[in-house]
Amino acid sequence: MASFWTGTRIRLRGIEPDDWTACMRFAAEQERLGDVLYPPRSAEDYRAWAREQASADPGGECFQLAIVAADLGEIVGTIGTYHADPRAGWFEYGVMIGADHRHKGYASEAVVMLLRFMFAERRYHKCQARVFAHNAGSLALHQRLGFVEEGRLREHVFFAGQHHDLVMMGMLAEEFTRLHPASGV
17 MASFWTGTRI RLRGIEPDDW TACMRFAAEQ ERLGDVLYPP RSAEDYRAWA REQASADPGG
77 ECFQLAIVAA DLGEIVGTIG TYHADPRAGW FEYGVMIGAD HRHKGYASEA VVMLLRFMFA
137 ERRYHKCQAR VFAHNAGSLA LHQRLGFVEE GRLREHVFFA GQHHDLVMMG MLAEEFTRLH
197 PASGV
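First residue of the sequence shown? That's 17 in our numbering, and the numbers climb one at a time after it.
See the structure below:
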């Protein structure tokens with residue numbers, strides 16, 4: 017049996033301590049693309065975060081995974097769950113792909129793997145994603161995958177000197193199962 021975490025283009029794995037350099041690079045790219053603006057973090061802060069992720073309980077509801085390109089054998093992004101509410105049956109997730117690795121199908125495949133795990137194995141009912149309204153690529157990705165725009169929080173976030181809308185996207189487990197049937201399972 018092939019690994020649940022290995023797809024056609026990517027493999028998902030736990031964050032390793034050495035992943036800190038890639039994660040630092042991804043964060044710098046996010047800032048350049050206008051996705052987020054935080055005070056600068058030290059290399060030691062990224063190292064500590066990667067060490068913490070590497071030793072985190074893999075059975076928890078919120079976790080981070082590295083996205084490794086099958087053809088390159090290197091980390092091209094990260095994906096993880098946030099704000100999981102097991103009682104209500106919903107969770108939020110986020111995905112980040114390095115600028116040099118976008119538009120290659122890595123994000124789509126990683127999201128489908130993560131959602132299949134959370135819906136089928138963890139039995140969650142709903143996934144939510146928060147997307148900046150100006151991030152046309154992320155909005156298009158979520159729409160292609162079958163997410164529905166559930167609302168828009170007007171001028172909800174402030175960065176780079178101005179307020180930005182935040183689009184709330186959602187997908188239910190039955191919508192996912194219909195749009196992304198499991199093959200060979």
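Glycine is no exception: its CB is placed at the ideal position from the N, C-alpha and C atoms.
Predicted model, so just to flag it, every value in this text is computed and none were measured.
Beta-carbon proximity check, residue i vs residue j, cutoff 8 angstroms
| i | j | result |
| --- | --- | --- |
| E171 | M184 | no |
| E108 | H99 | yes |
| Y140 | I26 | no |
| R29 | G114 | no |
| L195 | G162 | yes |
| V127 | V111 | yes |
| D35 | A86 | no |
| D101 | A149 | no |
| I91 | A38 | yes |
| W106 | Q159 | no |
| A70 | E32 | yes |
Residues that DSSP places opposite residue i in a beta bridge
| i | result |
| --- | --- |
| C143 | F107, M187 |
| Q80 | G96 |
| V164 | G186 |
| L169 | L182 |
| I16 | Outside the shown range of the chain (17 to 201) lies residue 16, about which nothing can therefore be said. |
| M112 | T94 |
| L28 | I83 |
| F175 | Q178 |
| F148 | L182 |
For residue i, three-class secondary structure by DSSP
| i | result |
| --- | --- |
| L195 | helix |
| E68 | helix |
| T22 | strand |
| D101 | strand |
| M17 | Confidence is the limiting factor: at M17 the pLDDT is only 46, short of 50, which leaves the residue's position unreliable, though a coordinate-based value still follows. In the structure shown, M17 sits in coil (DSSP, three-state: anything other than H, G, I, E or B). |
Residue closest to residue i, alpha-carbon to alpha-carbon, out of the options
| i | options | result |
| --- | --- | --- |
| G23 | T94, F174, S124 | S124 |
| R67 | P56, Q80, G75 | Q80 |
| W65 | E77, P197, A43 | A43 |
| W21 | A59, Y54, V84 | V84 |
With three or more C-beta pairs closer than 8 angstroms as the rule, is the segment 124-144 touching the segment 186-197? Segments in contact, yes.
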